[in-house]
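Residue numbers (the working numbering): 4 to 739.
Just so you know, even glycine gets a beta-carbon here, dropped at the ideal spot from N, CA and C.
Rendered as structure tokens:
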């Protein structure tokens, strides 16, 4: 650990020394390194560390001076434009300057790496296209399909390397001069052959020059693409350049050349040579068009990350590497430092962005009350997907930095495209959740229908998931239109398979618009009774009074009678019978009825029939001539205290009234208070409660002496019979 810390501090000190004195010569630095190493290891360790550091510290190199580069560039531009810059268009001059600058800045030493050049990749794609055309003309169809499939896979793999090859092009100055010399010779040769347009030489030169011209158009556009990528141009500009070049190639028609070759009166071997050159020209054109079409579909590969371009990270990377004392191939501080800073920055602003989103919510909601608990809940809800999204975005930026100056490979672009769709969908769902929490907290203080918000939130969930799914399919190159069209064909089968789901979905909408019950209502549906927990897209959840959870399909709910006990503003019924004994005189019965009625009219918990509660509600005031307002709004205030009937053992008084509160606990308290006050009224008037009793009436009652006489005669007869039995038993014993 100590050695690692020492080395790290050593690297930092070298970097700081390099900032202060760029001209510090290497022997002094090595001397510092040697002195430091002597304090912690022997001479062998010094040699090892010195060799390692010599590989990462910049060495002095022979470079062309800027003056020489400028002079060489001007010479090449003049050569490219034939010394006639005044007669060339601005676009032609710009391309010439770009080619000249590339040739001057390209390394003079040959690249010994195994990396394929752009020209090599284009040539391989062209060869594969030729093989595919030959195989398609083959007789063996089964073998052709397999081989063509393998060749297509190889070609697709080569196309993946095109963007990287575009951004690492080199121009050999000697080869460029040889190419330009050849082009001039061909132009001169064609001029001399104007009088012999039907000759072999003319067609040979014409085909060669045409091949050079379309190749020049293709490769110069790729060179401009490299410049635009490194310059951080917009995707629209890059796409326009690709499409313009592709269109210029597509409008070129060489079929007339083929016809003229066949009409020429020349030798067979010459005609074969011209046909081969023509086939090579068509193969080149086809290959160029295929590569440009691929680039047009994948323009994002050459665009770069928006933040990478916006922050001008290219300049920052180059600037840090210029200051760094290390070789960029060994320790690229220009990439390491921005990567670390970006990841730390993006990870640290998660909560800040979540708070901004919450602030936007409050602006739309116009809720002046500040609830810290709700804010914390919403922020924590949004912070998680936002944090993951920022980390993913940071990794995407870091990949752009890591692969600079080459573009990020296509596989990462596709992967992050799918990842971003999923993360944005997650974030949107959590934002909907967060906003829903704010709305519900506001609705909880009112009588608004919360189940409407629940249903809307669930529908939004489904919409987000479906859109995300379709975007992912599109990103993966699957034709969504074909999938949608196939749904029309199999629509009947899908409808039959999902008829119950569809029925429940439409039933949930009917329940919502019918407004038969709301979340939290006490309802009875069929044999299920309880409190509505939630109304979903398929089912309604009810919590029964024995605390079980029942899920009722929405289609069953609309087919059953619904009793809603919660749809009442005032009035929970009290109906009871008060039994007085038959000894109560009539005037006392009237007195008891009168006092009970007065007690109920003045009781604070009993609804008074003299007050029209529904008319106090402005929503119902103007509908009083259309509907029964009290029944519509749920106001019940009837009050009756009357002699009901003469029962078997009591004189019954019926008490019929409604409590003001519909809450069960409050209803029980009021009912209890009413019953106690009725007991006090009866006690006050000295009237007793009747209780079930029976009286037995016998029409003729016998005298007591007759009952005793009957009893005595019965006893004597019993004794006589007993004596006779005993005598018979004795006689039987004597006989034996």
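Residue environment, residue 574, which counts as buried when at least 16 other CB atoms sit within 10 Å
buried
Under 8 Å, with one C-beta from each stretch per pair, do the segment 667–684 and the segment 566–583 reach the 3-pair mark?
yes
Taking just the CA atoms, how far does residue 170 sit from residue 36?
Because residue 36 sits at a pLDDT of 39, beneath the cut-off of 50, its placement in the model cannot be relied upon, and the point is left open.
Tell me, please, which residues DSSP counts as bridged to residue 525.
534
Got a sec: does the ligand ADP put a non-hydrogen atom nearer than 7 Å to the Cβ of residue 604?
No copy of the ligand ADP occurs in the structure displayed, which carries no ligand at all.
Report yes if the CB atom of residue 350 is closer than 8 Å to the CB atom of residue 394, and no otherwise.
yes
Quick check: the segment 251–270 against the segment 171–188, are at least 3 beta-carbon pairs closer than 8 Å?
no
Nearest-angstrom Cα distance between residue 175 and residue 168?
16 Å
Assuming residue 125 and residue 290 form a contact by the criterion Cβ under 8 Å, report the distance between their Cβ atoms to the nearest whole angstrom.
6 Å
For residue 678 and residue 385, what's the separation of their Cα atoms in angstroms?
56 Å
Do the CB positions of residue 564 and residue 542 come within less than 8 Å of each other?
no
Spatial neighbours of residue 355 within its chain, please: CB distance less than 8 Å, with the 5 preceding and 5 following residues excluded, ordered by chain position.
none
Residue range of the alpha helix (DSSP H) that includes residue 594:
589–605
Presumed contact (8 Å Cβ cut-off) between residue 300 and residue 252, rounded CB distance
At roughly 16 Å, the Cβ-Cβ gap does not stay under 8 Å, so residue 300 and residue 252 are not in contact.
Please report the Cβ distance between residue 658 and residue 599, rounded to the nearest whole angstrom; I am assuming they are in contact, meaning their Cβ atoms lie under 8 Å.
7 Å
Coil, strand or helix - residue 695 by DSSP
coil
Residue 277 and residue 264 closer than 8 Å at C-beta:
yes
Taking the C-alpha atoms as reference points, what is the distance between residue 510 and residue 521?
15 Å
Residues of its chain near residue 611, where Cβ-Cβ distance is below 7 Å and the 5 sequence neighbours each way are ignored:
604 and 640
Going by the beta-carbon positions, is the gap between residue 348 and residue 389 smaller than 8 Å?
no
With distances taken between CB atoms, is the gap from residue 547 to residue 554 smaller than 8 Å?
no
Ends of the beta strand (DSSP E) at residue 556?
552–556
Can you give me the C-alpha to C-alpha distance between residue 561 and residue 505, rounded to a whole angstrom?
14 Å
Whose C-beta lies closer than 7 Å to the C-beta of residue 284 among residues of the same chain, with five residues either side of it excluded?
210, 213, 214 and 257
Residue from 558, 526, 691 and 525 whose Cα sits closest to the Cα of residue 591
691
Can you have a look at residue 648 and say buried or exposed, based on whether 16 or more other CB atoms are within 10 angstroms of its CB?
exposed
Where do the ends of the beta strand (DSSP E) carrying residue 192 lie?
Per DSSP, residue 192 belongs to no beta strand (DSSP E); it is in the alpha helix (DSSP H), 176–195.
Pick from 418, 203, 339 and 218: whose alpha carbon is nearest that of residue 272?
203
Alpha helix (DSSP H) containing residue 655: first to last residue?
Where residue 655 is concerned, there is no enclosing alpha helix (DSSP H), although the beta strand (DSSP E) it sits in stretches over 654–662.
Starting from residue 165 and walking both ways along the alpha helix (DSSP H), at which residues does that stretch end?
165–169
Mapping DSSP to helix, strand and coil, what is residue 567?
strand
Distance between beta carbons of residue 303 and residue 416, contact taken as under 8 Å:
6 Å
In three-state DSSP terms, what is residue 645?
strand
Going residue by residue through the segment 254–315, where are the continuous alpha helix (DSSP H) segments of at least 4 residues, counting only ones entirely within it?
258–266, 271–300 and 309–313
So is residue 357 buried or exposed if we call it buried at 16+ other beta carbons inside 10 Å?
buried
Once you ignore the five residues that flank residue 359 on each side, which residues in its own chain have a CB closer than 8 Å to its CB?
none
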